[in-house]
Amino acid sequence: MCLEINKLIITLCTGNTCRSPMAERMLQQALDAEEDPLNTFTVVSAGVSAGSGNAASKNSMDATKRIGIDLSNHCSQPLTDDLLSQAYAVFAMTEAHIFALHSYYSVLPKRVHLFREFITDTANTEIPDPFGQNIQAYSQCLDSMSEAVPSILKYLRSEGTTNS
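The opening residue of the sequence shown carries number -2 in our numbering; numbering runs sequentially from there.
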């Protein structure tokens, strides 16, 4: 596999306090366990309507803590053209996030996908927003992400021989 110039992956949601931070840490953990070059990727999260510096929601922290992922140091950030210009890929939670990318940002990486896009045996490609719901909704959200991670790794492996 050839090494990529841009080794940044962005997970994207709305406010960057629930879904994308959970997806960021889960995907980073999976990539870190892979061989080179996948283990050289850095995953960050952002939101299309996010403020700067907000903590992850309590339910996001509680849900990820159950699987050994710590979100206590998460600080939200808005998606910016500068961040996008550094990205190898963006994995969004919903079609609305992808629409926002194409509508409001001038620089997009070649690889913009839904987080669950590469699961072959499901019609549920979007990850609904659990914001304001109970811990069960956050756990279901996390399960939905966990189900998608192997398909993202497979996709990244298949893309690993390109250089753009």
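For glycine and all other residues, C-beta sits at the position ideal for the given N, C-alpha and C.
Evaluate contact between the stretch 78 to 87 and the stretch 52 to 69, counting only Cβ atoms and requiring at least three cross-stretch pairs below 8 Å.
Taking a cut-off of 8 Å for Cβ pairs, the stretch 78 to 87 and the stretch 52 to 69 do not touch, as fewer than three such pairs fall below it.
For A164, which residues of its own chain have a beta-carbon under 7 Å away from its beta-carbon, when the five flanking residues on both sides are left out?
Because the chain spans -2 through 161 in this model, residue 164 falls outside it and cannot be assessed.
Quick check on DSSP: helix, strand or coil for V87?
In the structure shown, V87 falls within a strand segment according to DSSP collapsed to helix, strand and coil.
Is the CB-CB distance between N3 and A84 below 9 Å?
For the pair N3 and A84, the CB atoms are nearer than the 9 Å cut-off.
Coarse secondary structure for E1, derived from DSSP in three states:
Low confidence applies to E1: its pLDDT is 47, below 50, so where it sits in the model is not reliable, and the reading given next is rough at best. In the structure shown, E1 sits in coil (DSSP, three-state: anything other than H, G, I, E or B).
DSSP three-state assignment for V40, whether helix, strand or coil:
V40 falls in the strand class under three-state DSSP.
Kindly list the residues whose CB is nearer than 7 Å to the CB of E21, restricted to its own chain and excluding five residues on each side of it in sequence; keep chain order.
Only T8, V40, V41, S42 meet the Cβ criterion.
Should Q25 go down as buried or exposed, given a rule of 16 or more other Cβ atoms within 10 Å for buried?
Its Cβ being crowded by 16 or more others within 10 Å, Q25 is buried.
Counting only the same chain and skipping the five closest in sequence on each side, list residues whose C-beta sits under 8 Å from that of F206.
Outside the shown range of the chain, which is -2 to 161, sits residue 206, and nothing can be said about it.
Where are the alpha helix (DSSP H) runs, 4 residues long or more, that stay fully inside the stretch 8 to 75, in chain order?
For the alpha helix (DSSP H) assignment, the uninterrupted runs of no fewer than 4 residues enclosed by the stretch 8 to 75 are, from N- to C-terminal side, 16 to 29, 55 to 62.
Between which two residues does the alpha helix (DSSP H) harbouring V104 extend?
Run containing V104: none; DSSP gives neither H nor E here.
Going by C-alpha to C-alpha distance, which of C72, Q133, A86, S54 sits closest to L5?
Among C72, Q133, A86, S54, the Cα nearest to that of L5 is on A86.
C-alpha gap between A97 and R108, whole angstroms:
If I take the Cα positions, the gap works out to 15 Å.
Using C-beta distances below 8 Å, list every residue in its chain close to L105, excluding the 5 sequence neighbours before and after it, in chain order.
Apart from the 5 residues on each side of it in sequence, L105 sits with its Cβ closer than 8 Å to the Cβ of L81, V87, L98, H99 in its chain, given in chain order.
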